[in-house]
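Residue numbers (the working numbering), protein chains in the order written: chain A, 170 to 550; chain B, 170 to 550; chain C, 170 to 550; chain D, 170 to 550. This report concerns only the one structure given below.
Number of protein chains: 4
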Amino acid sequence: MTILNQYLNTRQDTEQLCENLTLEDYIPQSAEFASPPKWHIAHTTWFFEEMILKKFIADYKVFNNQFSFVFNSYYNSLGERIERQHRGLITRPSVQEIFKYRAYVDGYITNLLKFNNSEELEALVILGINHEQQHQELLITDLKYTFSLNPIYPKFSEHNYINDKNSDSGWVSIDEGIYTIGHQKEGFCFDNELQLHRIFLEPYHISKKLVTYGEFIEFVTDGGYKNPKYWLDAGWSWVQANNITQPLYWKHTQGKWQHYTLSGLESIHTDGILSHISFYEAHAYATWKGCRLPTEFEWEIASTYFNWGQRWEWTYSAYLPYPKFKISEGAVGEYNGKFMMNQMVLRGASKATSKNHSRHTYRNFFPAETQWQFTGIRLTK
Amino acid sequence: MTILNQYLNTRQDTEQLCENLTLEDYIPQSAEFASPPKWHIAHTTWFFEEMILKKFIADYKVFNNQFSFVFNSYYNSLGERIERQHRGLITRPSVQEIFKYRAYVDGYITNLLKFNNSEELEALVILGINHEQQHQELLITDLKYTFSLNPIYPKFSEHNYINDKNSDSGWVSIDEGIYTIGHQKEGFCFDNELQLHRIFLEPYHISKKLVTYGEFIEFVTDGGYKNPKYWLDAGWSWVQANNITQPLYWKHTQGKWQHYTLSGLESIHTDGILSHISFYEAHAYATWKGCRLPTEFEWEIASTYFNWGQRWEWTYSAYLPYPKFKISEGAVGEYNGKFMMNQMVLRGASKATSKNHSRHTYRNFFPAETQWQFTGIRLTK
Amino acid sequence: MTILNQYLNTRQDTEQLCENLTLEDYIPQSAEFASPPKWHIAHTTWFFEEMILKKFIADYKVFNNQFSFVFNSYYNSLGERIERQHRGLITRPSVQEIFKYRAYVDGYITNLLKFNNSEELEALVILGINHEQQHQELLITDLKYTFSLNPIYPKFSEHNYINDKNSDSGWVSIDEGIYTIGHQKEGFCFDNELQLHRIFLEPYHISKKLVTYGEFIEFVTDGGYKNPKYWLDAGWSWVQANNITQPLYWKHTQGKWQHYTLSGLESIHTDGILSHISFYEAHAYATWKGCRLPTEFEWEIASTYFNWGQRWEWTYSAYLPYPKFKISEGAVGEYNGKFMMNQMVLRGASKATSKNHSRHTYRNFFPAETQWQFTGIRLTK
Amino acid sequence: MTILNQYLNTRQDTEQLCENLTLEDYIPQSAEFASPPKWHIAHTTWFFEEMILKKFIADYKVFNNQFSFVFNSYYNSLGERIERQHRGLITRPSVQEIFKYRAYVDGYITNLLKFNNSEELEALVILGINHEQQHQELLITDLKYTFSLNPIYPKFSEHNYINDKNSDSGWVSIDEGIYTIGHQKEGFCFDNELQLHRIFLEPYHISKKLVTYGEFIEFVTDGGYKNPKYWLDAGWSWVQANNITQPLYWKHTQGKWQHYTLSGLESIHTDGILSHISFYEAHAYATWKGCRLPTEFEWEIASTYFNWGQRWEWTYSAYLPYPKFKISEGAVGEYNGKFMMNQMVLRGASKATSKNHSRHTYRNFFPAETQWQFTGIRLTK
């Protein structure tokens, strides 16, 4: 597939995700970490304008020169930006105007790709495509979080990214040895996967299946949320400060477990794959079970031996740079490196991850208390 | 005018205020104190349904039984309600659905008023009308606050409620004596104005004019925000904790003063009437000027001698019950009395106050740091 | 008694209060509102040095020029000062050094009063005496608060300021009329009591007795802390945010009520006079009882008809300036006026108030959530 | 040296550290992370009583059964404990009583060690010794933090742990290869150093010298604290939220750099070894210099080639368990493992670290914003 086709497909995918949105749904920001749909569709467009069109088209006329301020996310080197918690207040420009902005930028990118086939351009377009794919998943998770706070439990679509059942079982055993870590194939990867390097692994066993809802209910009913001995100290503080007694989105009414999904409030199926779990909960569960979570290296090496792609899987690896990791020059250098502190690595992908966006070397990362992503648990021992 | 006509006019006024709103504008909540337009138009409708229709129509079928939860503001006796800071997340039901809700309730109220002319009903409808008029002004002030946080400074309408100039001058002198306070005329008033009682006033002088932008700029340029001696202790803490150096909505760029208005960013006219001032700022200005603010009783007695209605005027009276003040039975009793703590009384009305909604005995009230209302300063000595 | 004797007696009283203190007890600050004993005994000395010695003795040599910074409380006009929450960190200078400081200043004041009998000096010394008397009571209440957080419940003394029983009963009835408010006698008063003025009172009845522990236990066991209808909105928020279910210092263990007192943990005697109650609790109790709290004017006028002096009595009057109230020039002007915002007036005195320090025109003031003072409830209707 | 002698020496060392303390100095807690001297000397004693005497002496009579509550630090399995931020309020028991407590426990331990030479006992006593040594260093750092907030800048002693100069220079180069990590020698180590395991290192260069004050001043004057490009995202938020412009304890007055030391306020010597730096500052400095911080494994392997022991050295390794790390049964298991989240590893030791308490495999750990420890920077590339 040509770069142009990849570009156009990705842009179309984003707009297709918006099909079930009402105009009102585009606006709200329900937490500092969760951006409005409108912001996602504008910011991904801004990325192409800011990183590519301004650079490659000599006399490029921006669609609206205020957007540079309004739709910048976190790039300090590109100047001031709106405060993150105010993203839900931008009712104007209108949603319709944002779609015009998308079309405007699409037109220029299309023409640019016809007349310029430099490697540098191609690399940046592919980065922009991957960036937009990341925001596709965020659009879904952020929307779910917003909807979950609406007492009428809105139904967004039949497909809710969560109704998959577990079918695997058993353990994979990996021998000790020197292994190579990092992206080795052709094709795109993020800078944090680069710089191939060797690591030494002691032998370990890793589960072929992800933890199910039913298994986690056992932990809950066994008093798992009330016993500090299963928890990291920071996790226990988090449980107590927020009075947490069960996973995000769960309701316990009249002896039955339900959870909010993008299809509305539903019964929890015990054989479904557990989702929306923080690292702290994942770690406490593993401890209760007499196991542990894998490191990201153990995960990467073993991943050819099990199925993955249903949930983002927490590892007990802090998000840190690989040896010889280099921060790129310019704004692109702010993409990954500066976040390497107090975040944990997740590996794999979820059902909400965009097609063609996953790799076994992919390093996703979130703070340990994160719950609103489609996250799950794979045990190791 | 019949009650029914008053009712219908008020409902129409609300909807007319919404004429310039885009569908997106209905959604955001920019602060805990500022509700979305959508919430205002639904909550005022909820008030009629909850306080009247459920009570007076035997087998009344509610429009949607979830709305009782979603659009309750603060009535503990009417059960649980959505957390105040989540009002901006309710994208569904849609705005269109809320307008249907309005029409549905309007239909029932119209019929009810045709067939029932009890005094109790009439009193509650008039309370509901006045309640909706209060929300009309809030809709404007809340919208202004939201728009002010949008870096593109949206223009809402030509009319911005603020472009009036001061034309009065001089002082009114009032003699000592016993005066009667409270609502004495026919017609509606809130329960907090009732219970006529006598007070004794020492002699005083009160200004016929409100403080202008130009006068307040003198205070600013004289270092008024930097000298604790003009400020109450709580005011000085507020200034320092929030790093306040000028009134809300003001910008000082290239030696010129501008402010955000509902017509967009505009130059400040020195002869315009100052607006959006907190009690703390009003008190500091008065102190700097060698004057003071009036008490609410001084204001009420002198108010027949000067023009008012341009700005809500801060008094140096805490919002407390009048002697013999009685809290009504039931939910209506939560309207006023429970807020009588740590709030200051404002008297008069502003340009954004609804027609037929002002009285010289009217007791408005807000915390001393409040800035987003159309508030001003009248000096006393 | 001469001014000098009054001065020396007051200074001695302070030091006598410290008799049961261990050296360690002088140091801790248990809350921003509660200062360490060491700070109280130094700050009251600083007041005499700063306001009097520096002014009246031409070449006065300060004891230590760093103390001006360390022991200033809140006088902006006297320069920078240590942050309030850091008062408990000043281990050096030593307690012994502070007592030397006291002796040094006492020597100078003694000599000054021998050779100078100007009215201005006398007025300032009397202000300093009254200031120190206020800190004597604070020393006791602050110490009690600190000790209460020590799980071993230390015993400070046999006398705990709280073991008085109620013996009065019945109501006083006051007629409507014009009354004069403010300090009318000879002798010292604070500036906030000055400026005699007339007020008009509607008729009312006020209780001769204060509410007892037993009466308040009825409120608690009737679910008083769980029903929002008795509470002001701000009070209900306070109850919920702090999870308050009973008065400060109370413990409910094995069906019995105990409270921490300066004599240690003791059983609550039902006929004792309730203490350590916030305004919010006082107001909720009065509402539950079908009564209300008096205004400070009602209290002042009726006070010649009942016994008072056991507890500081909450009034439903905000702490605001009397008509014609004037702020003095210089640092002394910061004593009272700048605190006239978001505080409620308390009248009377408590068992911990210094001898000769109470007047029926005295206006004490604290925020509505204040509990650590010896406060009580007198009903009105 | 016998275990008993080691024990007695350690206990004596603690008491010797207290020689310059006034009785007042024992009391204050200046931050949640900094405990009072009194608490350190009691808590270390409590550790021996709780972990050893209660277990090994059949009818052991505790010195005071309230101490179990008052001087527990964070052991959930040993029951409730005083809230951490209230450690500075415990004026009673007195300091003298705490010294009696120490003597009482010392007596029992001495006897116990004479009559029992089980390995289990010996292991626990050695753990208690190492625990007390950790608190010796904390006692110093906590005291410095408290004193630094006293505006008179108290002098504690001539020796201030900071006046060492750098004399090394150049770089050590390490080859790629498989290395073994963890404690391999005889003698005590903490559980987090155990479980020998192999790792693979890519080649690197590490500096023989620590960064000096003069070098860091260059970073400050080059605008290092104002340019986000040198900082991790979390570090930049920390700088902005706390308005940080220079290291802890520094003052810049009249063009000269000074810092608070335990000998009082002193000039900063440019050739002195930088101290009291957070991980964020260390990382920003390294980035500005075009270098990076070492991982804890790089540090451990290279440490035989350079001098260390002057400052705790930040590594860019998160504090995580070694492969096969096992949490011990019982209270001792809470010593290390539960803190393995959101903390960074420091290696080496500082001038304030107790004699015989350092090892090149020692894993110290603190959150990235920690400044009050004697921390420094070693560059890597």
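Note that beta-carbon positions come from the ideal geometry of N, C-alpha and C, so glycine has one too.
ask   = Counting contacts by CB-CB distance shorter than 9 Å, is Ala403(C) in contact with chain B?
value = Cβ-Cβ to chain B under 9 Å: yes for Ala403(C).
key: Separation of Phe369(C) from Ala292(B), as counted between CA atoms   = Taking the straight line joining both Cα atoms gives about 32 Å.
message = Measuring only the C-alpha atoms, how far is Ile470(A) from Thr464(A)?
response = For Ile470(A) and Thr464(A), the distance between alpha carbons rounds to 10 Å.
ask   = Is the CB-CB distance between Pro205(D) and Asp311(D) below 9 Å?
value = Contact: yes.
request  = For Ile368(B), return the contacting residues in chain C, with the cut-off set at a CB-CB distance below 9 Å.
outcome  = Using a Cβ-Cβ cut-off of 9 Å, Ile368(B) is close to Ile368, Phe369 of chain C, given in chain order.
key: Inter-residue Cα distance where the pair is Arg180(C) and Asn476(C)   = The straight-line gap from Cα to Cα measures roughly 29 Å.
request  = Taking C-beta pairs closer than 7 Å, name the residues in chain D that Pro320(C) reaches, listed in chain order.
outcome  = Residues of chain D passing the Cβ test: Gln235, Phe238, Val239, Ile251.
query = Going straight from the alpha carbon of Phe225(A) to that of Ser523(A), what length do you get?
reply = Annotation: Phe225(A) to Ser523(A) spans about 28 Å, alpha carbon to alpha carbon.
Nearest residue (CA-CA) to Lys378(A), options Asp333(A), Asp228(A), Leu281(A) = Distance check between Lys378(A) and each of Asp333(A), Asp228(A), Leu281(A) places Asp333(A) closest, using alpha-carbon atoms only.
query = So with Cβ pairs under 9 Å, would you call Arg271(A) a contact of chain B?
reply = Judged by the 9 Å Cβ criterion, Arg271(A) is not in contact with chain B.
inquiry  = Against chain C, does Glu219(D) count as a neighbour if the rule is that its beta carbon must be under 9 Å from one of theirs?
reply    = At least 9 Å separates the CB of Glu219(D) from every CB of chain C.
query = Which residues in the same chain as Phe325(B) place their Cβ atom closer than 6 Å to its Cβ, once the five residues preceding and following it in sequence are excluded?
reply = Taken in chain order, the residues that qualify are Asn189, Leu431.
message = So the candidates are Ile172(A), Asn285(A), Val239(A), Leu308(A); which of them puts its Cα closest to the Cα of Phe202(A)?
response = Taking only the C-alpha atoms, the option nearest Phe202(A) is Leu308(A).
message = Distance cutoff 9 Å, beta carbons only. Does Ile196(D) sit that close to anything in chain C?
response = Using a CB distance cut-off of 9 Å, Ile196(D) counts as an interface residue toward chain C.
request  = Could you list which residues in chain A have their beta carbon closer than 7 Å to that of Val264(B), in chain order?
outcome  = Ordered by position in chain A, the residues that pass the 7 Å Cβ test against Val264(B) are Glu193.
task = Go to Trp481(C), then tell me how far its beta strand (DSSP E) extends in each direction, as first and last residue.
result = Looking at the DSSP string, the run of the beta strand (DSSP E) that includes Trp481(C) is 481-487.
ask   = Is it right to say Thr171(D) is buried, meaning 16 or more other beta carbons lie within 10 angstroms of its own, or is it exposed?
value = Exposed, because fewer than 16 other Cβ atoms sit within 10 Å of the Cβ of Thr171(D).
message = I need the DSSP call for Gly296(C), collapsed to helix, strand or coil.
response = Reading off the sequence shown, one finds Leu at residue 296(C), where the question assumed Gly. Leu296(C) falls in the helix class under three-state DSSP.
Ile546(B), DSSP secondary structure in three states = Ile546(B): coil per DSSP, three-state reduction.
ask   = Got a sec: which bits of the stretch 447-469 of chain B sit with their beta carbon under 7 Å from any beta carbon on chain C, in order along the chain?
value = Within the stretch 447-469 of chain B, no residue has a Cβ that lies closer than 7 Å to any Cβ of chain C.
inquiry  = Report the CB separation of Ala500(C) from Leu247(C) in whole angstroms; it is logged as a contact under 8 Å.
reply    = The pair is a contact, with the Cβ atoms about 5 Å apart (cut-off 8 Å).
ask   = Taking Cβ positions only, does Phe508(C) come closer than 9 Å to chain B?
value = With a threshold of 9 Å between beta carbons, Phe508(C) makes contact with chain B.
key: Below-9 Å beta-carbon distance, Pro490(B) vs any chain A residue   = No, its Cβ sits nowhere closer than 9 Å to a Cβ of chain A.
ask   = From Leu548(C), Pro490(C), Phe535(C), Thr183(C), pick the residue whose C-alpha is nearest to that of Gly300(C); which is it?
value = Position check: residue 300(C) holds His in this sequence, whereas Gly was assumed. Per the Cα distances, Thr183(C).
key: CB-CB length for Asn511(A) against Pro490(A), believed under 8 Å   = No, Asn511(A) and Pro490(A) are not in contact; Cβ-Cβ is about 14 Å, not under 8 Å.
request  = Consider the Cβ of Ser199(A): report whether some Cβ of chain G lies at a distance smaller than 9 Å.
outcome  = Looking at the structure shown, chain G is missing, and the protein chains on hand are A, B, C and D.
request  = Under 6 Å Cβ to Cβ from Phe232(C), same chain only, skipping five residues before and after it: list those, please.
outcome  = Only Tyr270, Tyr273 meet the Cβ criterion.
task = Would you please verify whether the beta carbon of Ile413(C) is less than 9 Å from any beta carbon of chain D?
result = It does not; no Cβ of chain D falls within 9 Å.
ask   = Say the cut is 8 Å; is the CB of Pro397(D) nearer than that to a heavy atom of the ligand SAH?
value = Ligands displayed in this structure: none; no statement on the ligand SAH is therefore possible.
ask   = Taking DSSP as the reference, what is the three-state secondary structure of His328(D)?
value = In the structure shown, His328(D) sits in coil (DSSP, three-state: anything other than H, G, I, E or B).
request  = Please report how far the alpha carbon of Glu306(B) lies from the alpha carbon of Asn329(A), in whole angstroms.
outcome  = Roughly 41 Å separates the two Cα atoms.
query = What residues are listed by DSSP as bridge partners for Lys395(B)?
reply = Answer is none; Lys395(B) lacks a bridge partner.
ask   = Does Ile259(D) have its Cβ less than 9 Å from a Cβ in chain C?
value = Yes, because at least one Cβ of chain C sits closer than 9 Å to the Cβ of Ile259(D).
query = Can you give the Cα-Cα distance for Gly478(D) and Tyr244(A), rounded to whole angstroms?
reply = Those two C-alpha atoms are separated by around 39 Å.
query = Along chain C, in chain order, which residues have C-beta atoms closer than 7 Å to that of Thr315(D)?
reply = Scanning chain C for C-beta atoms nearer than 7 Å to the C-beta of Thr315(D) yields Leu258, reported in chain order.
inquiry  = Am I right that His366(D) and Ile350(D) are in contact with their C-beta atoms under 8 Å? What's the rounded C-beta distance?
reply    = With a Cβ gap of about 6 Å, His366(D) and Ile350(D) count as contacting.
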